[in-house]
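Below is one structure, written out as structure tokens, with a few remarks after it.
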């Protein structure tokens, strides 16, 4: 595994209305890790992009709503398109 690099700070709104925000990092430019830094939550997820869009790494064990994955994925796409 390579060195973890910080790409951006992202935020997303969870279905119950709570906002999560924190850094997005990657060590291989394929899998992206989002970790919430807002107090009171240990929310985090790993995202991967393929031809169909963003999905949560972990296959059937995915535990976060797709809308949250899409919100963070869109911010990663925006960052990558501006910093290519």
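Residue numbers (my numbering): 53 to 136. Ideal placement from N, C-alpha and C gives every residue a C-beta, glycine not left out.
Counting along the chain, the unbroken alpha helix (DSSP H) around residue 134 starts and ends at 118-134. Judged by DSSP secondary structure, residue 101 falls within the beta strand (DSSP E) whose first and last residues are 96-102. Within the same chain, Cβ atoms closer than 8 Å to the Cβ of residue 66 are found at 72, 95, 117 and 120, the five residues on either side in sequence being excluded. Ranked by Cα distance from residue 105, the options 89, 56 and 122 are led by 122. Nearest C-alpha to residue 97 among 85, 107 and 90: 85.
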